[in-house]
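>
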Ligand code: NAD
Ligand code: TDX
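Residue numbers (my numbering): 1380 to 1711.
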């Protein structure tokens, strides 16, 4: 397959490109990424010529059209992705997530190319904390809370409309919180690891009771690949690995892995409108496509992630001070 991977220099996209090159040498991979603050050409550098990076924007219709014309399938990861940034300034989220997805859709419509659209469980809003057996399914109504989630919800609805109205051959997936190598240090897990590695303290929003459903990025990407290969056009697949944890629990596990006292962190200002709990019911994906996660020992996968950040300081250190300065301004 000739794959066009939008956002392939970001966290999940770069991991997808790495695994595609390793496991599907028969594919050719072109990455379209505008290298925002979250994009990293260095994340693709170890691959040499095995993947081609085109630096450009998904809202650039002629460029997107030209690249889509040379592809058999598009895997669409590119987006603005950090909830806190969307609260501070939502404008880039509207442009990249809505106009960008529209631009990709128009190109795949014109060129008759298969699309997989990568989305998030945040489109469903949040769940109460009390009963962990209540989880999101593909039938859960959309109810996004943040500007980030609202623009991802809108992008999903555009994809569904283009399938129904124009017969575009697209699938969608909504995944839970990812962790693993190459995640930007603004996000929860890498922020705490790199705070501790740089002599800062870990920072927990509010009480830390909020629950996220964690999945290793490699497991997310095997699910994306399975959907690309065998998913039904028009179908939405929910991706999750049955790993609900409170933020406090995750932080204490990390502090333990890094040899710190379990109370060695600061409580900081809570996020506005902070979603309480996300949880995915992945039964449909498992039953239909036979997918299953393999990184299911959360503490072990977290320890491996800590090792990766220890070993790859040159990748994240240049980003760290600016991210922390931004958080400090917001009291976080
Ligand atoms: P990321 O922020 O690490 O990477 C996003 C990438 O997209 C960056 O390389 C950036 O340069 C690029 N990009 C942004 N705007 C662009 C534009 N206008 N044109 C071209 N490139 C652009 O994000 P991520 O965590 O890797 O997320 C990838 C996708 O997966 C997103 O669509 C996100 O909504 C979704 N998702 C993420 C998670 C998670 O936990 N991180 C969970 C579920 C779904
Ligand atoms: O320093 C922090 N302290 C803290 O307690 C940070 C950065 C976060 N948090 C909390 C907020 C959330 O409850 O940790 C939880 C996870 O925060 P993020 O890493 O910002 O992730 P979240 O808001 O849950 O969204 C993530 O998962 C879904 C990704 O950023 C999204 O792109 C994805 O769609």
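Yeah, the Cβ is synthetic: ideal placement off N, Cα and C, and Gly gets one too.
Just curious, the beta strand (DSSP E) that residue 1616 is in, first and last residue?
Translated into the one-based positions of the chain shown, residue 1616 becomes position 237. Run containing residue 1616: 1615-1618, per the beta strand (DSSP E) assignment.
> Please confirm whether residue 1597 and residue 1669 have their CB atoms less than 9 Å apart.
For the purposes of this step, residue 1597 is taken as the residue at position 218 of the chain shown. For the purposes of this step, residue 1669 is taken as the residue at position 290 of the chain shown. No; because the gap between Cβ atoms is not below 9 Å, this pair is not in contact.
> Quick check: what's the CA-CA separation for residue 1690 versus residue 1646?
Here residue 1690 refers to the residue found at position 311 when the chain shown is read from its first residue. Here residue 1646 refers to the residue found at position 267 when the chain shown is read from its first residue. Cα to Cα, residue 1690 sits roughly 28 Å from residue 1646.
> Short check: CB of residue 1563 to CB of residue 1389, under 9 Å?
Residue 1563 sits at position 184 when you count from the first residue of the chain shown. Residue 1389 sits at position 10 when you count from the first residue of the chain shown. Contact: yes.
> Whether or not the stretch 1609-1626 and the stretch 1584-1593 are in contact is what I'm after, with contact meaning three or more pairs of Cβ atoms, one per stretch, closer than 8 Å; do they touch?
The stretch 1584-1593 is in contact with the stretch 1609-1626.
> Run through the stretch 1565-1632 for me and flag every whole alpha helix (DSSP H) of 4 or more residues, listed as ranges in chain order.
1567-1576, 1596-1609
> Taking C-alpha atoms, which residue in 1541, 1638, 1659, 1575 lies nearest to residue 1612?
As a first step, residue 1612 must be located in the chain shown, where it is residue number 233. For the residues 1541, 1638, 1659, 1575, the minimum Cα distance to residue 1612 belongs to 1541.
> In terms of residues, what are the limits of the alpha helix (DSSP H) holding residue 1684?
The residue labelled residue 1684 in the question sits at position 305 within the chain shown. Where residue 1684 is concerned, the enclosing alpha helix (DSSP H) stretches over 1677-1690.
> Does residue 1391 come out as helix, strand or coil in the three-state DSSP assignment?
Indexing the chain shown from 1 puts residue 1391 at position 12. Three-state result, residue 1391: helix.
> Any idea if residue 1418 is buried or exposed, counting beta-carbon neighbours within 10 angstroms, 16 or more meaning buried?
For the purposes of this step, residue 1418 is taken as the residue at position 39 of the chain shown. Label assigned to residue 1418: buried.
> What runs of the beta strand (DSSP E), each 3 residues or longer, lie entirely inside the stretch 1414-1459?
Those beta strand (DSSP E) runs which fall completely within the stretch 1414-1459 and span 3+ residues are 1430-1434, 1452-1455.
> Residue 1545 and residue 1520 - do their beta-carbons sit closer together than 9 Å?
Counting from 1 along the chain shown, the entry for residue 1520 is found at position 141. Counting from 1 along the chain shown, the entry for residue 1545 is found at position 166. For residue 1520 and residue 1545, no; Cβs fall outside 9 Å.
> How far does the alpha helix (DSSP H) with residue 1481 in it extend, from its first residue to its last?
For this step, residue 1481 is matched to residue 102 along the chain shown. Unbroken alpha helix (DSSP H) run through residue 1481: 1479-1490.
> Within this structure, are the beta carbons of residue 1433 and residue 1494 separated by less than 9 Å?
Taking the first residue of the chain shown as 1, we reach residue 1433 at position 54. Taking the first residue of the chain shown as 1, we reach residue 1494 at position 115. Contact: no.
> Return the CA-CA distance between residue 1602 and residue 1656, expressed in angstroms with no decimal places.
As a first step, residue 1602 must be located in the chain shown, where it is residue number 223. As a first step, residue 1656 must be located in the chain shown, where it is residue number 277. C-alpha separation (whole angstroms): 22 Å.
> For residue 1490, which residues in the same chain have their Cβ closer than 6 Å to its Cβ, ignoring the five residues on either side in sequence?
As a position in the chain shown, residue 1490 is number 111, starting the count at 1. Excluding positions up to five away in sequence, the list reads 1447, 1448.
> If we ignore side chains and look at the alpha-carbon of each, how far apart do residue 1594 and residue 1673 end up?
The count along the chain shown starts at 1 and reaches residue 1594 at position 215. The count along the chain shown starts at 1 and reaches residue 1673 at position 294. Approximately 10 Å, taken between the alpha carbons.
> Could you give the C-beta distance for residue 1619 and residue 1555, rounded to a whole number, given that I count them as a contact under 8 Å?
By 1-based counting over the chain shown, the position of residue 1619 is 240. By 1-based counting over the chain shown, the position of residue 1555 is 176. The pair is a contact, with the Cβ atoms about 4 Å apart (cut-off 8 Å).
> Is it buried or exposed for residue 1425, if we count other Cβ within 10 angstroms and need 16 for buried?
On the chain shown, position 46 is the one that residue 1425 refers to. Counting Cβ neighbours within 10 Å, residue 1425 comes out exposed, since fewer than 16 surround it.
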